[in-house]
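Student:
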């Protein structure tokens, strides 16, 4: 698996220049952090998006969205959006906006 520069650029455009936003290469892709908390990540297979525990049910109802599994364990509050969802501007933005809304509820990390 590898990075997806096209998807990374879409995410950059969607997230804009929000206060506290940064990027970092991780997990073979690129992740975005908001006030030090991981927000989302992009790879050539799609996006992982942090929606928060008990905030992800609506997203999991979408055809191309599944629970995020890492090292054989489901990551509570995280979803994986496939490339079809990432290509849909409205769905991708909806997921990213929900992630920002959740992460903004967390106290900033120093």
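Residue numbers (our numbering): 145 to 254.
We put the beta carbon where it would ideally sit given N, CA and C, even for glycine.
Bear in mind that the values here come from a model prediction, so they are computed numbers and not experimental data.
1. Which residues in the same chain have their Cβ closer than 6 Å to the Cβ of residue 204, if we skip the five residues on either side of it in sequence?
2. Return the first residue and the last residue of the alpha helix (DSSP H) that residue 150 is part of.
3. What are the boundary residues of the beta strand (DSSP E) that includes residue 223?
4. Rounded to whole angstroms, how far is the Cβ of residue 164 from the Cβ of residue 179, which I believe are closer than 8 Å?
5. When you compare only the Cα positions, how much space is there between residue 194 and residue 215?
6. For residue 197 and residue 243, what's the separation of their Cα atoms in angstroms?
7. Give the single residue among 190, 229, 156 and 166 whose Cα lies nearest to the Cα of residue 146.
8. If we count the other Cβ atoms within 10 Å of its Cβ and call it buried at 16 or more, is residue 234 buried or exposed?
9. Just confirm the distance between the C-beta atoms of residue 155 and residue 184, as a whole number of angstroms; I'd bet it's less than 8 Å.
Tutor: Inspection of the coordinates gives the following:
1. none
2. 149-159
3. 217-225
4. 4 Å
5. 17 Å
6. 11 Å
7. 190
8. exposed
9. 7 Å
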